[in-house]
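Encoded as structure tokens, the structure appears first; notes follow it.
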Amino acid sequence: MRLIVAAAVVWLAAAPSADSVQKASPSGFSFVSSPAVPGTAALTGVAAVSEKNVWAVGQAGTRTLVEHWNGTRWSVVASPHPGTSSQLQAVSAGGRAVWAVGRFASSTGGGRLVVRWTGSKWVRVPLPSRLAGGLLDTVHVFSNTNVWAGGDDAQDSFLIHYDGHAWTSITPSPLADLTDAQITGIAAADPAHLSVSAFTSDPGTNPPAGFMYSEAGAAGWLEEGAIRGPMTGISVDDQWNVWAVGSQVDHTTKLRSPYLMRLHGDVVTAFFDASPPPYTYTTDHVLTAVTAISANNVWAVGYRVSAVTGRLCTLIYTYYGAGVIDLGGPNVPGVDNQLGAIAAVPGVYDLWAVGSAGSQPLILHAPVS
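Using numbering that gives the first Met the number 0, read the sequence shown as starting at 0 and increasing by one per residue.
Next comes the structure, spelled out in structure tokens:
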């Protein structure tokens with residue numbers, strides 16, 4: 000039987016209203032203009048190389064969408080879009096390399112999509128046919144010769160590695176013993192210490208559950224913690240603490256409440272945004288992504304359902320060492336707003352968060368304080 004982590008409950012400050020337009024919210028995040036793109040568009044991944052070099056990816060209509068920040072403005076950059084429909088789910092930067100992953104559909108079925116930045120353009124990276132089907136949800140780049148990507152393969156979790164010459168399937172991958180499973184995030188302090196977040200809706204877990212794993216060399220994968228509900232993102236801070244986020248599902252109300260999970264050594268602690276159990280949420284609150292700058296400086300983003308309007312609103316949390324605070328977030332009025340990714344500029348640590356507002360991309364920025 001898998002162990003569901005016993006959680007330490009942390010009370011949060013009351014969140015400010017997020018149902019009106021704000022130039023900047025108490026979170027410190029403010030809107031940054033994104034180019035208008037045709038069709039329904041959303042950004043689902045962001046990676047920061049420097050203050051003047053930030054990448055965001057997603058989908059616009061039926062095509063991949065890549066945007067770039069040059070320190071002054073965001074612009075759309077041409078990207079491969081195979082098949083009849085294609086999208087990018089995540090982007091990662093490391094060792095002067097930038098890669099993105101997703102999927103595409105075609106008349107023959109489609110499959111996984113991998114692209115990389117050459118320094119002058121985005122190009123598609125081919126996958127061997129045995130690894131080409133399914134979806135890639137996440138990518139972690141150390142360099143152009145050390146790339147990890149994960150997602151799902153039909154009903155099983157899927158993890159692959161590129162060494163500069165060939166792709167290798169990591170077998171068994173985390174959650175290989177469960178169906179309806181997928182890898183949702185990959186993080187690492189260095190190439191020798193990999194951690195992943197994963198999720199399964201396998202009936203055998205009853206209820207659906209999220210899992211945190213660490214790579215244990217020849218021993219395979221070590222399960223570090225589990226929790227009721229999806230686990231959607233993971234990050235590692237500068238002291239090798241592993242942080243993961245997602246949403247816990249109340250078995251009675253079916254409502255989702257957010258959590259932030261920390262692995263410190265061999266101790267796992269989960270922080271919840273809720274009153275002591277039973278949880279008192281009246282709407283869904285979900286965290287989708289996290290970036291850990293240090294042990295006392297962690298940021299997570301997602302969305303909540305407004306109890307007033309019923310629309311989705313941005314959700315921004317920070318962990319500051321003594322607890323977790325719900326900071327709210329700026330929102331475009333009259334439409335659904337949600338955040339799907341967050342990244343910090345290395346060495347500077349100003350923050351970028353991306354998602355969607357209505358049918359257009361949403362980009363938020365919190366400069367270094």
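No residue lacks a Cβ here, since even glycine has one placed at the ideal position from N, Cα and C.
Check                                                                                                                                    : Outcome
Glycine 57, DSSP secondary structure in three states                                                                                     : strand
Spatially closest choice to tryptophan 74 from Gln88, Ala294, Asn336, Ala55, by CA coordinates                                           : Tryptophan is not the amino acid found at residue 74; the sequence shown has serine there. Here the closest residue by C-alpha is Ala55.
Test item: CB-CB of isoleucine 182 and serine 156 under 7 Å                                                                              : yes
Minimum C-alpha distance to threonine 63 - residue among Asn69, Gly70, Val90, Gly264                                                     : Val90
Beta-carbon separation (whole angstroms), alanine 59 vs valine 31, contact threshold 8 Å                                                 : So it is not a contact: roughly 18 Å between Cβ atoms.
Nearest residue (CA-CA) to alanine 104, options Val97, Leu112, Trp98                                                                     : Leu112
Terminal residues of the beta strand (DSSP E) in which histidine 139 lies                                                                : 134-142
Residue nearest to valine 65 in terms of C-alpha spacing, selected from Leu42, Phe210, Pro173, Thr313                                    : Leu42
Contacts around aspartate 136, its chain only, beta-carbon distance under 7 Å, and the 5 residues preceding and following it disregarded : Gln88, Ala89, Gly149, Gly150, Gln181, Ile182, Thr183
Residues bridged to alanine 180 (per DSSP)                                                                                               : Thr199
Chain B within 7 Å of valine 31, Cβ atoms only                                                                                           : Looking for chain B here will not work: only one protein chain is present.
Distance between valine 331 and serine 168 (C-alpha atoms, nearest Å)                                                                    : 42 Å
N-terminal and C-terminal residue of the beta strand (DSSP E) that leucine 361 is part of                                                : 359-365
Identity of the residues DSSP links to tyrosine 280 by a beta bridge                                                                     : Bridge partners of tyrosine 280: none, in fact.
One or two residues paired with glycine 301 in a DSSP bridge                                                                             : Leu286, Leu314
Close-in-space but distant-in-sequence residues of the same chain around valine 93 (CB under 7 Å, 5 per side omitted)                    : In the sequence under discussion, the amino acid at residue 93 is glycine, which differs from the valine named in the question. Around glycine 93: Val140, Phe141, Ser142.
Residue environment, leucine 177, which counts as buried when at least 16 other CB atoms sit within 10 Å                                 : buried
Spatial distance of valine 241 from threonine 317 (CA atoms)                                                                             : 15 Å
Extent of the continuous beta strand (DSSP E) run through proline 37                                                                     : Looking at the DSSP string, proline 37 is not in any beta strand (DSSP E), and its letter there is neither H nor E.
Sequence-distant residues of the same chain with beta carbon closer than 8 Å to leucine 286, five excluded per side                      : Thr231, Gly232, Val244, Gly245, Ser246, Pro257, Tyr258, Leu259, Ala299, Val300, Gly301, Leu314, Tyr316
Reference arginine 123; option with closest CA among Gly101, Ser106, Trp147                                                              : Gly101
Proximal residues to valine 367 (C-beta, below 6 Å), its chain only, five neighbours per side dropped                                    : Val347, Tyr348, Asp349
Sub-7 Å separation of serine 234 and valine 289 beta-carbons                                                                             : yes
Backbone secondary structure at arginine 72 - three-state DSSP                                                                           : coil
Option in Gly264, Lys120, Ala40 with minimal Cα separation from threonine 61                                                             : Ala40
Other residues of its chain near serine 293: CB distance less than 8 Å, five sequence neighbours each side excluded                      : Asp236, Asp237, Gln238
Boundaries of the beta strand (DSSP E) in which histidine 164 is found, first to last residue                                            : Premise fails: histidine 164 is in no beta strand (DSSP E) and is neither H nor E.
Beta bridge counterpart(s) of threonine 117 as assigned by DSSP                                                                          : Looking at the DSSP assignment, threonine 117 forms no beta bridge with any residue, so it has no partner.
CA-to-CA distance, valine 307 to proline 81, given in whole angstroms                                                                    : 41 Å
Three-way DSSP call (helix, strand, coil) for lysine 22 in this model                                                                    : Because lysine 22 carries a pLDDT of 42, less than 50, the predicted location of this residue cannot be relied on, and the following value inherits that uncertainty. Correct three-state label for lysine 22: coil.
CB-CB length for proline 207 against proline 173, believed under 8 Å                                                                     : About 16 Å separates the two Cβ atoms, so there is no contact after all.
For glycine 328 and aspartate 283, the rounded distance between their alpha carbons                                                      : 16 Å
Where arginine 95 sits in the DSSP three-state scheme                                                                                    : coil
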